[in-house]
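In UniProt numbering, the protein residues as written are 1 to 212.
Note that the Cβ used here is the ideal one computed from N, Cα and C, for glycine as well.
Working notes, beginning with the structure itself.
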Amino acid sequence: MPNKVLPTSGPGRPKDLAKRKAILEAAKTLFLSNGYDGSSMDAIAAEAGVSKLTVYSHFTDKEKLFAEAVKSKCEEQLPELLFELDDGVPVAQVLLNIGRGFNQLINSRESVELHRVMVSLAAQDSKLSRMFYEAGPQRVLHGMEELLRRAHQAGKLHVPDPLGAADQFFCLIKGGANFRLLIGCGDALQGSEAEAHVRDAVEVFLRAFRAD
Numbered sequence: 001m002p003n004k005v006l007p008t009s010g011p012g013r014p015k016d017l018a019k020r021k022a023i024l025e026a027a028k029t030l031f032l033s034n035g036y037d038g039s040s041m042d043a044i045a046a047e048a049g050v051s052k053l054t055v056y057s058h059f060t061d062k063e064k065l066f067a068e069a070v071k072s073k074c075e076e077q078l079p080e081l082l083f084e085l086d087d088g089v090p091v092a093q094v095l096l097n098i099g100r101g102f103n104q105l106i107n108s109r110e111s112v113e114l115h116r117v118m119v120s121l122a123a124q125d126s127k128l129s130r131m132f133y134e135a136g137p138q139r140v141l142h143g144m145e146e147l148l149r150r151a152h153q154a155g156k157l158h159v160p161d162p163l164g165a166a167d168q169f170f171c172l173i174k175g176g177a178n179f180r181l182l183i184g185c186g187d188a189l190q191g192s193e194a195e196a197h198v199r200d201a202v203e204v205f206l207r208a209f210r211a212d
């Protein structure tokens, strides 16, 4: 008996994953370049090389597409910060590695553009802002929280409030330079200047939470 040939179209056929990916890539490009209001579904369809009907078949509306695009961009941008506490690696070195990765992430062109888009939407749609926060900043914060909790339990640091300390760590890394970059009145720290900034931030953090 010949093998049964599966249908390639018709009801129940999985949506074309290649087209979905193309739509998401187009959405990420246009939303970052033109903002939410400046990016139409027609323009996204044209950028992706598909029909507008195809866009709507994958994403029910513009808000849904924006949410998925931001989530995809956050997951794509998050560096391998590796919140691991290895007995053979000094905690100071672990914090330096995380600090360097985070500093590079937040000062990247795409990260700055994404943050500006989200700030522009802050007064319009808190649901999208919450989605962005959970997909990006919150994931990093919780990873750091868990690492600091393990460091406290192991006696490497004294961190009675790991979540609060994690927030303070990332605020130290951001500093004033990242804020100036976001509002367009400064440049990202580079090279030895960036390294010195991260080292100073880690040193301050270690002094505040050193184990007695």
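Here Leu-105 carries a helix assignment [DSSP, helix/strand/coil].
With 16 or more neighbouring CB atoms inside 10 Å of its own CB, Glu-68 falls in the buried class.
The beta-bridge partner set that DSSP reports for Leu-157 consists of Arg-210.
A distance of 8 Å or more separates the beta carbons of Val-91 and Leu-24.
Of the residues assessed, Cys-74 falls on the buried side of the cut-off, its CB having 16 or more other CB atoms within 10 angstroms. Assignment of Thr-29 by DSSP, reduced to helix, strand and coil, places it in the helix class.
Nearest in C-alpha terms to Met-131, of all of Thr-54, Arg-207, Val-70 and Tyr-56, is Val-70. DSSP, reduced to helix, strand and coil, places Gln-168 within a helical segment of the structure shown.
Between Ile-98 and Met-144, the CB-CB gap stays under 8 Å.
Bounds of any alpha helix (DSSP H) do not take in Ala-123, whose DSSP letter is neither H nor E.
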